[in-house]
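There are 6 protein chains.
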Amino acid sequence: MQLHLMSWPEVANYLSQRQDILIPIGSTEQHGPMGLIGTDAICPEAIANAAAAELGCIVGPTINVGMAQHHLAFPGTIALRPSTLIAYLQDYVNSLALAGFTHFYFFNGHGGNIPSVEAAFSEIYAERSYQRQGPSGQVRCKLGNWFRLPEVAALASQLYGDKEGNHATPSEIALTQFVYPHAIKQAELAPIHATARYATDSRDFRALFPDGRMGADSALASPQAGEQFLRLGVQGLIREYNAFVHHP
Amino acid sequence: MQLHLMSWPEVANYLSQRQDILIPIGSTEQHGPMGLIGTDAICPEAIANAAAAELGCIVGPTINVGMAQHHLAFPGTIALRPSTLIAYLQDYVNSLALAGFTHFYFFNGHGGNIPSVEAAFSEIYAERSYQRQGPSGQVRCKLGNWFRLPEVAALASQLYGDKEGNHATPSEIALTQFVYPHAIKQAELAPIHATARYATDSRDFRALFPDGRMGADSALASPQAGEQFLRLGVQGLIREYNAFVHHP
Amino acid sequence: MQLHLMSWPEVANYLSQRQDILIPIGSTEQHGPMGLIGTDAICPEAIANAAAAELGCIVGPTINVGMAQHHLAFPGTIALRPSTLIAYLQDYVNSLALAGFTHFYFFNGHGGNIPSVEAAFSEIYAERSYQRQGPSGQVRCKLGNWFRLPEVAALASQLYGDKEGNHATPSEIALTQFVYPHAIKQAELAPIHATARYATDSRDFRALFPDGRMGADSALASPQAGEQFLRLGVQGLIREYNAFVHHP
Amino acid sequence: MQLHLMSWPEVANYLSQRQDILIPIGSTEQHGPMGLIGTDAICPEAIANAAAAELGCIVGPTINVGMAQHHLAFPGTIALRPSTLIAYLQDYVNSLALAGFTHFYFFNGHGGNIPSVEAAFSEIYAERSYQRQGPSGQVRCKLGNWFRLPEVAALASQLYGDKEGNHATPSEIALTQFVYPHAIKQAELAPIHATARYATDSRDFRALFPDGRMGADSALASPQAGEQFLRLGVQGLIREYNAFVHHP
Amino acid sequence: MQLHLMSWPEVANYLSQRQDILIPIGSTEQHGPMGLIGTDAICPEAIANAAAAELGCIVGPTINVGMAQHHLAFPGTIALRPSTLIAYLQDYVNSLALAGFTHFYFFNGHGGNIPSVEAAFSEIYAERSYQRQGPSGQVRCKLGNWFRLPEVAALASQLYGDKEGNHATPSEIALTQFVYPHAIKQAELAPIHATARYATDSRDFRALFPDGRMGADSALASPQAGEQFLRLGVQGLIREYNAFVHHP
Amino acid sequence: MQLHLMSWPEVANYLSQRQDILIPIGSTEQHGPMGLIGTDAICPEAIANAAAAELGCIVGPTINVGMAQHHLAFPGTIALRPSTLIAYLQDYVNSLALAGFTHFYFFNGHGGNIPSVEAAFSEIYAERSYQRQGPSGQVRCKLGNWFRLPEVAALASQLYGDKEGNHATPSEIALTQFVYPHAIKQAELAPIHATARYATDSRDFRALFPDGRMGADSALASPQAGEQFLRLGVQGLIREYNAFVHHP
């Protein structure tokens, strides 16, 4: 049940019974020569929408731009500063909290979002801790990452081993291939570029990872594997989401 | 051509030929008892994607949350403060400008966004006027509103006259009905509520407009009319976009 | 009755009877070779002070610097970023709202202010919509533009036709000539420079409009016409202000 | 020479010869039962305009709202947060610095502005120290206070002794009486309220100083004394301004 | 070599040979009935100062207040909002980067700091990615946590097993006992309070963890164990720091 | 009694009896060829800790980085922008005020902090004046400067006359020599550099004061004098602190 496809009386009715919401969050950033720029939004959105059918929960509008400053040297990347993303998430959560939502599960497709999103949660809680807004303990936020769900990670490891890498991974590309079969790209890929160092700013990143991939053999991706990742992602999300919402 | 479905080398290739981008911008807000909460994002997104096929341009990720503070008293609404939206648009535009994009056409579905988006343009230009970033005159932003395209407004007027109203209008609802036929809502609608006064904050809005509609007879909407609105919207957008991009 | 010339007990007495205030807002920016840099502040201030005599309302201190980033390539211009102007207006309105003022009519002399001022209104309302401050619906802000009052626009059209232009217009210069006859400037004016494109940042503006005028034949201005504009401006402002304040 | 009454070519001509500017800064705040709310802006503005005739310098638009949070419990007060005033002054100075102004003399009428204005200077310099903007050492800001000019303070001491007090002082009220003779107020004044403690927030201030005066016998003011204060203020400002501008 | 005990020529000399700096970062927050409020600053500071003797590196001033909003319901806690901590770290790093420092190793004592510090790194890099400041790739920041050093965690596990808990742990208290033997506290401790849920705001935290400890049996701490933790912390920090600084 | 060496129940117990706190605030900045970079933090911290023994008050964690932008051209300096320092102090004070602290005495070692700290106080009060947080008049902040205590200034004048200067003064260096005898530096000092002009940004400062001292003959410092300064500082602080806390 996408929030965008509901009317407000339907939301009011939902809130009279439950107060949780599932929010896909991704990024708009390069994913190597054959990965889609929207990969990190497409993956959690697809899984969330499929899982919501069973969960019966509302899915909020996908946060499709995230913290991607390190990818800015590749065209097509859009990056929010952490401070912007924090302000954005504050408004997003505070708006829904006003209406009575209490449990916010952000389902994430981009590792680079994690610190900023967690910092945003603290900023949101801090407002309440300083007693500036609302009653205590009623807003609970959680971040889950689809690619770290145990069943997902296990399949990635089984299929790709250490060729999974860290960015433009075959697992995420496979999932997008299944969701958007007409957007599958072909590209000559250079041998996997190994580096022991993390990157800092965007030009540093590009110098370290010239085609944008971080140790990932994107070419191993297939739509068939993507379907498996979707199924396992749904399974994992349902379990994690229920654990979050039904926890005392 | 959605940016999210492209790879970065495809974007690089595009930029070697042209530097424009089309960006749908909407809102997540109540649209009366039978309008979809995502109406303002759905409409410009649908038109933009259809027009892009002919325009050959890239469509950026839809900005699906906007400045909707006045709707916050209805559940389901998510509102960015103007200051947040300005920061968000700065990062969105500056990211793409780094890569070489120069012409940013924002295609809008929500009247409430207009001042904040225009203010954001000025904030973006001001950075450059203060010489803090980049060369001069190379970033050009424009805001167009689908519901103010002459052909769209003419059809709305012809079909609905003054029952079109200002929010949860039959024209916008019609368009969403065509795009999402399975999400058509039924609702008992109170007689149109007339008011001469504009609203201020969200509780003031709800007191003035108890079911969320502003003088609009949403029930007049039909998917058939929606198809017409889509076709006219595409026609109008193509003309306006070309005028913007090809202007000397 | 200028707020600056009152004592606080006089304000307290006023507030026991009415809660409205009239606030001139302008800009400090180039107005072509013969226009005054303070034109956009001088015009609404002069009209507001004259109208207030009849309206019996308080006139707040003129906001004499506005959003003028596009004029920064001409010396003498002072520009607030939109974000700064928004913060400024928040504090201005919140201060007076604390004391009991409820109706804020901003009377504007500069088109470039409009989006930022409207965005500021939303930022002010949003504070209340998020329930962070004060009761609902008690702060009402409105922006009126002296140059768009029907009687003013009609006279400008009658006197100058399309030589009125959009910046450094003969109508605004005429009004300043009437108010400050000793500051009337003489200058050789180049032929009117026509352009179909809007400007972006300040260097782009100057490239498009080398002497600062936008299609305006400033030389047509006269103090006699200025007196007429003042009279019509007062007439229009009184009508608009009363409509705002006395609206249910 | 008020900036508002100049054209941009006149400013350009001035800048080809000198790069200094005099900027009155005041406040909009209660000044006791018989003081004007605009006192702190009126005083430095009147002195600055008179001095400028001899100095030949440009006078920028008066900053008529300042940091007055402690007066907010009295109606008519408008207060900028320090952070807002800092942002405002950044934009004010950066705008003029772009055009070539280098020496900014702020002539102040309100003690409460001092820390925020000095902090703003540091914020402006810090931008340059971090190398984010412009060449080094070219922007020089100075704050002078009219009421601390030695000749002004001496006259206040001679005329009023310790009845001068600290707010709504007879000296500042005298000056406004001379400038605005038609706005002279009469009021019954309670005996001077002595307090050894400084105030914190606005309600604390009002509890300590119930009618808004801080140890000042405002009733001693006279327009005649105001004329003397104006003359001495002009004399002192000219000396201080020249020392600032002509210093190596 | 503490930065605070050096002169600037000594720093200049150091920078001519190496460009790294070690920065302890902690928090000021409750640590249960017998833990010190400064625990999270004391631990990394003590280890850093001891390690620096061997590393030969400069130790920057300890960041002794951090992101601790969840502890605000206990007296003595001081918490920075994430946005404040981010701004603070930006200025800290940018200042030293101006002078030529390139490698910033933050040695952390508080888990709650991690997201905000990592977000701050991205904010710092983003400035450079947007090309707003300085050359690329020259500023490298890394966060290490003393309590996650393998040798430290191993000892904690060996000594305390699952009584180590997550806050006010015996290991951190032991270290402070060794460093400040005169500040060892005695307190009656309630049985360890188990909870499966994470906390949100400060009142929620206190409801979940009434005496401030999170599953930790603080009473197991001893100064003798503290000495071991210090020794192992130094050993681990030296290894990690060298790996960071000497990495290609 | 350092806050960092207390447990939260000890703080709770303290608050049941008194609500004041003493907070050393300094800077991290060059102090000439033989002064310590931490001088401005070391001095107030040492005096505060010694005075607290007699005062029985809590000493908060030292704020060891301040507003030092003008020193940024010398390596080792760390500077917060005024806006950052204001946000930092807001959080610092608001955190402790939540717990019940009411009297905040900041004991300062750096003249450059004064405007920003005073502005921060106003920002903190303004929050309350706008009624956004907490009851009125309960938070009282005061800034005292150790180097302006009458007995301290008298000794400096007696020992050093006009060779005391304004930065890297023999008095402050003497105090650090007494506190850190092993960190006493030797350096060839150029003759005292006299300048009548104040500095603006950091490069301007270095051009005016090439070795970082401002008219100070640092070489006159001795640990023996430092001991005297410490004793007099403690004496002065006790008097001033008591006057602040016990004032009605």
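Chains as they are written, first to last, in the working numbering: chain A, 1151 to 1398; chain B, 1151 to 1398; chain C, 1151 to 1398; chain D, 1151 to 1398; chain E, 1151 to 1398; chain F, 1151 to 1398. Idealized CB from N, CA, C, for every residue including glycine. Here the structure is a predicted model, which means the values were calculated and not measured.
Annotation note: the stretch 1289-1376 of chain A contains the following uninterrupted beta strand (DSSP E) runs of length 3 or greater, listed N- to C-terminal: 1290-1295. Contact of E/Leu1248 with chain D by beta-carbon distance below 9 Å involves Ser1279, Tyr1280 and Gln1281. Contact between C/Lys1313 and C/Asp1241 is absent: CB atoms are separated by about 40 Å, not below the 8 Å threshold. Around the C-beta of C/Gln1336, fewer than 16 other C-beta atoms lie within 10 Å, and the residue is accordingly described as exposed.
For C/Ala1196 against C/Leu1325, the beta-carbon gap comes to about 7 Å, under 8 Å, which counts as contact. Within 7 Å of the CB of F/Glu1268, the CB atoms of chain D belong to Pro1265, in sequence order along the chain. Annotation: B/Arg1381 to B/Ala1333 spans about 20 Å, alpha carbon to alpha carbon.
Counting only residues of its own chain and dropping the five nearest sequence neighbours on each side, D/Ala1223 has a CB closer than 8 Å to the CB of Ser1352, Arg1353, Phe1355 and Arg1356. The alpha-carbon of C/Val1209 is positioned some 19 Å away from that of D/Pro1183. Counting C-beta atoms within 10 angstroms of its own C-beta, D/Arg1298 has fewer than 16 neighbours from the protein chains shown and is therefore classed as exposed. In the DSSP assignment, D/Leu1172 falls within the beta strand (DSSP E) that extends over Asp1170 to Ile1175. Between D/Asn1214 and D/Ala1247, the gap from beta carbon to beta carbon reaches 9 Å or more.
Put simply, the backbone Cα of D/Tyr1330 is about 31 Å away from that of D/His1253. B/Tyr1255 has B/Leu1172 and B/Lys1292 as its beta-bridge partners, per DSSP. Counting only unbroken stretches of 4 or more residues, no alpha helix (DSSP H) element lies wholly within the stretch 1203-1232 of chain D. For C/Ile1274, the enclosing alpha helix (DSSP H) has its first and last residue at Ile1264 to Ser1279. Minimum Cα-Cα distance from E/Ala1303 among the listed residues E/Gln1385, E/Tyr1391 and E/Ala1393 corresponds to E/Gln1385.
Residue burial is scored here from C-beta neighbours: F/Pro1300 has fewer than 16 other C-beta atoms within 10 angstroms and is therefore classed as exposed. Under DSSP, E/Gly1185 takes part in a beta bridge, and its partners are E/His1181.
Between A/Val1395 and A/Ala1200, the alpha-carbon positions lie close to 18 Å from each other.
One finds Tyr1280 in chain E with Cβ atoms closer than 7 Å to the Cβ of B/Asn1244, taken in chain order.
Contact between the stretch 1165-1172 of chain E and the stretch 1338-1348 of chain F is absent: fewer than three C-beta pairs spanning the two stretches fall below 8 Å. Listed along chain E, the residues sitting closer than 7 Å to A/Val1289 by beta-carbon distance are Thr1350. Listed along chain E is no residue with a C-beta nearer than 9 Å to that of F/Gly1216; the closest approach is about 11 Å.
For the 9 Å CB-CB criterion, F/Cys1291 and F/Phe1256 form a contact. Rounded to whole angstroms, the Cβ separation of E/Gly1185 and E/Ile1274 is 32 Å, and the two are not in contact under 8 Å. Scanning its chain for C-beta atoms nearer than 7 Å, with the 5 sequence neighbours on each side dropped, one finds around F/Gly1383 the residues Ile1197, Trp1296, Leu1299 and Val1302, in chain order.
Beta-carbon to beta-carbon, C/Gly1262 and C/Ala1218 are separated by about 6 Å, close enough to satisfy the 8 Å threshold. The Cβ of C/Ala1276 sits closer than 9 Å to at least one Cβ of chain B. Assignment of beta-bridge partners to E/Gln1152 by DSSP yields E/Val1209. Within the same chain, Cβ atoms closer than 6 Å to the Cβ of F/Thr1212 are found at Pro1174, Ala1191 and Glu1195, the five residues on either side in sequence being excluded.
Using a Cβ distance threshold of 9 Å, B/Leu1339 and B/Ala1371 do not count as a contacting pair. Chain F places a beta carbon closer than 9 Å to that of E/Ile1228, counting this residue as a contact. The C-beta of A/Arg1231 comes closer than 9 Å to at least one C-beta of chain B. Our two residues, F/His1220 and F/His1260, have alpha carbons roughly 12 Å apart in a direct line.
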